[in-house]
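S.K.: Protein sequences appear in the order of chains A and B.
Everything in the first sequence is counted per the working numbering, starting at 121 for the first residue and increasing by one.
Everything in the second sequence is counted per the working numbering, starting at 205 for the first residue and increasing by one.
Backbone N, C-alpha and C fix where the C-beta goes; we use that ideal spot for every residue, glycine too.
All of these numbers come straight from a predicted model, not from anything done at the bench.
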Amino acid sequence: MSTFNLEIVTPTRILDAGEVSYVRCPGTDGSFGVMASHREAVIGLDVGEIKVTQGGKDSFYATSGGFAEITDEKVQLLVETVEKSSEIDSNRAEASMQRSKDRIAGKVDADMDRAEVALLRAINRLRVSNR
Amino acid sequence: MANLKDIRDRIKSVKSIQKVTKAMKMVAAAKMRRAQENMEQARPYSSRLTDIIQNLLPDVDRGLLPLLNVREVKRVAYVVVTSDKGLAGSFNSSVLRKSQNEIDELGKENVDVFCIGKKARDHYKSRGYTIIESHVDFWGNLNFNHAIKIGNGIVSHFLNGKVDEIHVVYNQFVSVASQMVLTEQLLPLEYEADENTVIDRLYEPSKDEIVKSLVPRHLNVQMWKYLLESYSSEQAARMVAMENATTNSEDMIKDLTLEFNKARQATITTEMLEIVSGAEALKG
Numbered sequence: 121m122s123t124f125n126l127e128i129v130t131p132t133r134i135l136d137a138g139e140v141s142y143v144r145c146p147g148t149d150g151s152f153g154v155m156a157s158h159r160e161a162v163i164g165l166d167v168g169e170i171k172v173t174q175g176g177k178d179s180f181y182a183t184s185g186g187f188a189e190i191t192d193e194k195v196q197l198l199v200e201t202v203e204k205s206s207e208i209d210s211n212r213a214e215a216s217m218q219r220s221k222d223r224i225a226g227k228v229d230a231d232m233d234r235a236e237v238a239l240l241r242a243i244n245r246l247r248v249s250n251r
Numbered sequence: 205m206a207n208l209k210d211i212r213d214r215i216k217s218v219k220s221i222q223k224v225t226k227a228m229k230m231v232a233a234a235k236m237r238r239a240q241e242n243m244e245q246a247r248p249y250s251s252r253l254t255d256i257i258q259n260l261l262p263d264v265d266r267g268l269l270p271l272l273n274v275r276e277v278k279r280v281a282y283v284v285v286t287s288d289k290g291l292a293g294s295f296n297s298s299v300l301r302k303s304q305n306e307i308d309e310l311g312k313e314n315v316d317v318f319c320i321g322k323k324a325r326d327h328y329k330s331r332g333y334t335i336i337e338s339h340v341d342f343w344g345n346l347n348f349n350h351a352i353k354i355g356n357g358i359v360s361h362f363l364n365g366k367v368d369e370i371h372v373v374y375n376q377f378v379s380v381a382s383q384m385v386l387t388e389q390l391l392p393l394e395y396e397a398d399e400n401t402v403i404d405r406l407y408e409p410s411k412d413e414i415v416k417s418l419v420p421r422h423l424n425v426q427m428w429k430y431l432l433e434s435y436s437s438e439q440a441a442r443m444v445a446m447e448n449a450t451t452n453s454e455d456m457i458k459d460l461t462l463e464f465n466k467a468r469q470a471t472i473t474t475e476m477l478e479i480v481s482g483a484e485a486l487k488g
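1) Go ahead and pull the three-state DSSP assignment for Leu115(A).
2) Could you tell me the alpha carbon to alpha carbon distance between Ala227(B) and Leu432(B), rounded to whole angstroms?
3) When burial is assigned at 16 or more other CB atoms within 10 Å of the CB, is Met217(A) buried or exposed?
4) Give me the Cα-Cα distance between Lys289(B) and Leu300(B), rounded to the nearest whole angstrom.
5) Counting only beta-carbon atoms, is Phe348(B) nearer than 8 angstroms to chain A?
6) Taking a Cβ distance cut-off of 8 angstroms, strictly less, list which residues of the region 407 to 436 of chain B are near chain A, in chain order.
7) Taking 8 angstroms as the threshold (beta carbon to beta carbon), is Val129(A) in contact with chain B?
8) Would you list, in chain order, the members of the region 229 to 262 of chain B that have their beta-carbon closer than 9 angstroms to a beta-carbon of chain A?
9) Is the separation between the beta-carbon of Ser220(A) and that of Ala235(A) shorter than 8 angstroms?
10) Would Ala441(B) and Gly293(B) be called neighbours here (beta carbons separated by less than 8 angstroms)?
11) Suppose you measure from the CA of Arg405(B) to the CA of Arg279(B); what does that come to, to the nearest Å?
12) Could you name the residues of chain B that Ile163(A) contacts, counting a contact when the two beta carbons are closer than 9 angstroms?
13) Of the residues that make up the region 192 to 218 of chain A, which ones have a beta carbon closer than 8 angstroms to any beta carbon in chain B?
14) Just mark Thr130(A) as buried or exposed, buried being the case when its beta carbon has 16 or more other beta carbons within 10 Å.
15) Could you tell me whether any Cβ in chain B is nearer than 8 angstroms to the Cβ of Asp178(A)?
16) Using DSSP with H/G/I as helix, E/B as strand and the rest coil, what is Ser410(B)?
17) So is Ala483(B) buried or exposed if we call it buried at 16+ other beta carbons inside 10 Å?
18) Looking only at its chain, what residues have a beta carbon closer than 6 angstroms to the beta carbon of Glu447(B), apart from the 5 residues adjacent to it on each side?
19) Quick one, are the C-beta atoms of Glu189(A) and Arg252(B) less than 8 angstroms apart?
20) Using only alpha-carbon positions, find the residue among Leu135(A), Gly226(A), Gln196(A) that is nearest to Val162(A).
21) Helix, strand or coil for Arg159(A) per DSSP?
22) What in chain E is Cβ-close to Arg144(A), meaning under 8 angstroms?
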């Protein structure tokens, strides 16, 4: 199976995934998959799960959104945060889910939009951590 | 000539100062290495984002996003990035000098100031400038969230129409030995219209949507870059300043030791003279 180079770039670190055969990303218009020789594109990413297939093995990452830039040479995911499923602290994710739920329920004065995004992120991280 | 005890005390105090400057130098060197690593990690993200933006923006109408609006400039904001602590050579003073010159040129009353770091806050507070926000005491555990928080305050000031342009004055890290004070325009975004780079690319959901979510991220990253550059520069400047201080104290110890020896010899000579002349006098 032909492969392509994948890099996951965040403002604080670079995750060089190396040669992979498939990556599935949470696009803003729905999830999409990329294989080798995809056409050049820039696609917005939402909060969600990134699935990477490398040498027949799948690995999962949680992200809070960003962009995918697909060029002839490689695929770069420019995302604000990325966490490998095994790195996620599910206790912390659970705590932050509870916090944002409280906010939404109106127990604490808070910015609704921000609380909702935080809740989405927490749920996403929990889901990915169970992979 | 100063007496022996005075000189001995001075040598002692210079030596203890030297110990402090040496330690500070070492601490600054370690912090700088870490800051530099952070900077290198941040570079690919920001440069890719900038590339995409530069490719996209010429195709997009400035009316699409308030962040892109170019308004008649009535009021300007300055973001002044300094450190919390001193003892870093001309690091803070050069930023403050440059920013104040530029602000005064526009007129103090037409400018809002955002102060990053205690040095900027103290400087502009005591001189009665209009300070909108100050951010202090975060350099020790600098992370991306600080950039987002600071950025949000600045951006909303622009979006609320309080100011029509935002400039940032900060130290750019060139090398350990040199830092450059720069003024950059943060908002409205500047870009060059380039007609001949048409790339066949797919944009999803659409160019406009991408720009809408890209620009705020770009600003966060820009802010993060300013903070990292400034932090690395601060540590580099402090390292060099402390290195110089250590060398200077070395020289000072040398001079003082020479003076001490001279004074000691002079005392011995005087004592000898006294003894000899006393003996002479006894002989009669």
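M.R.: With the structure as the only source:
1) A question about residue 115(A) goes unanswered here, because the residues of chain A that appear run from 121 up to 251.
2) 23 angstroms
3) buried
4) 14 angstroms
5) yes
6) Tyr407, Glu408, Pro409, Glu413, Ile414, Ser417, Leu418, Arg421, Asn424, Val425, Trp428
7) yes
8) Asn242, Gln245, Ala246, Pro248, Tyr249, Ser250, Arg252, Leu253, Asp255, Ile256, Asn259, Leu260
9) In this structure, Ala235(A) lies closer than 8 angstroms to Ser220(A) by Cβ.
10) yes
11) 39 angstroms
12) Leu406, Tyr407, Glu408, Pro409, Ile414
13) Gln196, Leu198, Glu200
14) buried
15) no
16) coil
17) Looking at its Cβ environment, which holds fewer than 16 other Cβ atoms inside 10 Å, Ala483(B) is exposed.
18) Lys229
19) yes
20) Gln196(A)
21) coil
22) The structure shown has no chain E; the protein chains it does contain are A and B.
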